[in-house]
Amino acid sequence: MADSSKQTVDPWSSELPEDYDKRIKDFGLTRFDKDGKDDDLITKIKDPDYTMRRGIMVAHRDFDTIVDVINKGEPFIMMTGLMPSGKLHLGHKLVVDQIRWYQDHGAKVVIAISDTEAWVARGISTEESRKIATEEYITNYLALGLDPDKVDVYSQWQREDLINLAIAFSGKKTLGEMNSIYGFVKLDEDKDIEQLIRESIVALDKERKENPDAELKDPLSHYNWSVPAGKVFFPFIQVSDILHPQLPQYGGPRPTIVPVGLDQDPHLRLTRAIAEAWRQYKVDFTPEHGEVMIYTKGKGKALKDKLSTIEAELIDLGYEKFDFDSEGNEYEAIRRVPNSGALLVSSAGPYDIVDIQSNLEGVVEDVYVTDNRLGIFVEQNEKSQSLLSKADNIIRNMGYTQVEVLPKYGAIFIYDRENVDERAIDKELLHLEEELGMPVFYKPAATYNQFARGLTGGKMSSSEPNSAIFLTDEPSDVEKKIKGAATGGKQSAEEQKTYGGEPDNCMIFELQKFNHPDDEFVETTYKKCMSGDRLCGECKQLTADYFSSWMKDFQAKRQELIESGAVDKFVKDQKIFRTENILC
-10 MADSSKQTVD
0 PWSSELPEDY
10 DKRIKDFGLT
20 RFDKDGKDDD
30 LITKIKDPDY
40 TMRRGIMVAH
50 RDFDTIVDVI
60 NKGEPFIMMT
70 GLMPSGKLHL
80 GHKLVVDQIR
90 WYQDHGAKVV
100 IAISDTEAWV
110 ARGISTEESR
120 KIATEEYITN
130 YLALGLDPDK
140 VDVYSQWQRE
150 DLINLAIAFS
160 GKKTLGEMNS
170 IYGFVKLDED
180 KDIEQLIRES
190 IVALDKERKE
200 NPDAELKDPL
210 SHYNWSVPAG
220 KVFFPFIQVS
230 DILHPQLPQY
240 GGPRPTIVPV
250 GLDQDPHLRL
260 TRAIAEAWRQ
270 YKVDFTPEHG
280 EVMIYTKGKG
290 KALKDKLSTI
300 EAELIDLGYE
310 KFDFDSEGNE
320 YEAIRRVPNS
330 GALLVSSAGP
340 YDIVDIQSNL
350 EGVVEDVYVT
360 DNRLGIFVEQ
370 NEKSQSLLSK
380 ADNIIRNMGY
390 TQVEVLPKYG
400 AIFIYDRENV
410 DERAIDKELL
420 HLEEELGMPV
430 FYKPAATYNQ
440 FARGLTGGKM
450 SSSEPNSAIF
460 LTDEPSDVEK
470 KIKGAATGGK
480 QSAEEQKTYG
490 GEPDNCMIFE
500 LQKFNHPDDE
510 FVETTYKKCM
520 SGDRLCGECK
530 QLTADYFSSW
540 MKDFQAKRQE
550 LIESGAVDKF
560 VKDQKIFRTE
570 NILC
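Residues -10 to 573 in the working numbering are what the sequence shown spells out, letter by letter.
Shown next, in the form of structure tokens:
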């Protein structure tokens, strides 16, 4: 797997990604294909939404955990955010469609109004943010069908718990680590920012001593240091947005799903790393380490005698009872796994299995290499012994028998050969941490959507009116924009009838794919375009007819919400915004 810590993407960039496959591989994501070629997860979802069915959702991190809790009817959180910086267009509708799907499947939906980011990254005042968030986002979200009784909407400025958590989280990362994720300062050497600063100080000091009268030039001066300091801190606000709904006052730890675009993956990687760092227990499979597990059956004294016999036989075969590590420390190379019929032989490897089996035939039940054993690790401190003891009890109560506790290393290893459920063990340990009064968070899962291109083929933007269909456009303007959109048609009607069009490069088809409710309609468009049976003019007219009609109905719902006072009531009931004065 690629080292995702070295891959940087600017979540504030306006560029479209060129190569989804490369991004997915670089970031260590799992493909989510509508035909299940690379991931059969969709077959486990009872009623997948259109983003899943049409291949709009291209990848995920741990989405299988969310599918599992949905199928079991267990509680979970769906977290998303909005940047109050411009007018809503049809590209935003997909987000609301996904929110509604999660609402229908039992999620507690949490929506952050990212007004602190709007101020830090774009200079938008709190007053302007509130106006845009209310008039554009909240109003349109409700008109698009968001259930007001199943959602928690808040302003970042308003939620004190969020800010406190962000400050706490910021102590978990260094400037160098943050720059490696976000690329705030673009480095042209294969070094981190902290290393460059240290080296520049040494270089300046040396130059000063050798040439005391010379005018010194800072070796770091050619880098761009104009990034606002708030932009460096803001990602911790984003992390808190995602994790704070798991605080006790908001319902406690629950699996969380965050649907995003690939450009937002830096925030998800940081969040998952911090959630993991906040845990007392780390559960993970260790790599192959060459030990051989010998397992036999029995009870009480008979089992102990059998294990003693096996130990003696192994020593007679030339396997050392004690050995020395790379630092010269002596350790047990043949040791028993407590409370089980198992022996670990560190001085043996895969090539010894046949030898052991043939010499101990009839005495041992199984001999195998402990590849990828599951380990539970805790930090070495005054709490580690107690934490290991509690974890050991939980693991054994779950039915695991081949368990070894190593207090010296702050570790527990599970050697049961089959049915070791890493996720179930981690869940039980997480609940233990919660019971012990420790702050604890599930690592958020994420799904990644394709970018919806604009009508002109680039990114949708409020500054380019013809690039998108905005939710305040008149139906007549919708028709004009669609008829002027870029298509995948050929130069002439005759050529298109002969060779067919290119729907994958057509903004009309993309508009349908991302917004039309009828799968059959979308599929028919694709097939008729490819075959040349439908020309661009006819396709544009069909699309314009549908979206013009849709816009008329939508705007009627929107106006009704405004006139009835439902929007103002929602904002007041949710206590979304701060009422006191804020400096910015």
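Note that CB positions come from ideal geometry on N, CA and C, so glycine has one too.
Everything numeric in this text was worked out from a predicted model, so none of it was measured.
Who are the Cβ neighbours of G443 in its own chain at under 6 Å, not counting the five residues just before and after it? Contacts found: M449, S456, A457.
Could you check if S335 is buried or exposed, using at least 16 other CB atoms within 10 Å of its CB as the buried criterion? Burial call: buried.
Cutting at 8 Å between CB atoms, please list the residues of its own chain near Q501, excluding the five before and the five after it. If we look at Q501 and ignore the five residues flanking it on each side, its Cβ neighbours are F510, V511, T514, T532.
Beta carbon of P234, beta carbon of V99: below 7 Å? V99 sits close to P234, with the two beta carbons spaced by under 7 Å.
I want to know whether the stretch 56 to 75 touches the stretch 102 to 122 - three or more CB-CB distances under 8 Å. The stretch 56 to 75 and the stretch 102 to 122 touch, with no fewer than 3 CB-CB distances between them shorter than 8 Å.
Should G330 and L292 be called a contact, given that it needs their Cβ atoms to be closer than 7 Å? Cβ distance < 7 Å, so G330 and L292 count as in contact.
Measuring alpha carbon to alpha carbon, tell me which of Q269, G219, K290 ends up nearest K379. Nearest in C-alpha terms to K379, of all of Q269, G219, K290, is Q269.
Can you name the start and end residues of the beta strand (DSSP E) that K271 belongs to? Counting along the chain, the beta strand (DSSP E) containing K271 begins and ends at 271 to 274.
Classify A337 as helix, strand or coil using the three-state DSSP reduction. Per DSSP, reduced to three states, the secondary structure at A337 is coil, with no helix or strand assignment.
Please report the distance separating the alpha-carbon of D194 from that of D202. Distance between the alpha carbons of D194 and D202 is about 13 Å.
Hey, quick one: how far does the alpha helix (DSSP H) through H256 stretch, first residue to last? Start and end: 254 to 266.
Can you list, in chain order, the residues of its chain with a C-beta nearer than 6 Å to that of I471? Leave out the 5 residues immediately preceding and following it. Taken in chain order, the residues that qualify are K529, T532, A533.
Specify the secondary structure class of F311 as computed by DSSP and reduced to three states. In the displayed model, F311 falls within a strand according to three-state DSSP.
Euclidean distance between Cα positions of T359 and T445: C-alpha of T359 to C-alpha of T445: approximately 57 Å in a straight line.
Any idea which residues DSSP pairs S144 with across the strands? DSSP lists I102 as partners of S144.
Measure how close the beta-carbons of A48 and I88 come, nearest whole angstrom, since I'm counting them as under 8 Å. Their Cβ separation, rounded to whole angstroms, is 20 Å, which puts A48 and I88 out of contact at 8 Å.
Can you check DSSP and say which residues form a bridge with V84? According to the DSSP secondary-structure assignment, V84 is paired through a beta bridge with no residue.
Would you tell me roughly how many angstroms separate the C-alpha atoms of D8 and N382, rounded to the nearest one? The straight-line gap separating the alpha-carbon atoms of D8 and N382 is approximately 48 Å.
Contact under 7 Å by Cβ, A301 with F430: Contact: no.
Round the Cβ separation of Y404 and V326 to the nearest angstrom and send it over; I've been treating them as touching at under 8 Å. Right, the Cβ-Cβ distance comes to about 6 Å (below 8 Å), so this counts as a contact.
Three-state class that DSSP yields for S(-6) in the structure shown: Since pLDDT at S(-6) reaches only 41, below the 50 mark, its modelled position is unreliable, and no value is offered.
Near T260, what residues of its chain come up, given a Cβ to Cβ distance below 7 Å and the 5 sequence neighbours on each side ignored? Closer than 7 Å at the Cβ level, and outside the excluded window around T260, lie V228, I231, L232, P433.
Can you give the beta carbon distance from V556 to L77, rounded, assuming they're within the 8 Å contact cut? About 14 Å separates the CB atoms of V556 and L77; that is not less than 8 Å, and the two are not in contact.
Grouping DSSP H, G and I as helix and E and B as strand, with all else coil, what is K432? Looking at K432 - three-state DSSP - the assignment turns out to be coil, as it is neither helix nor strand.
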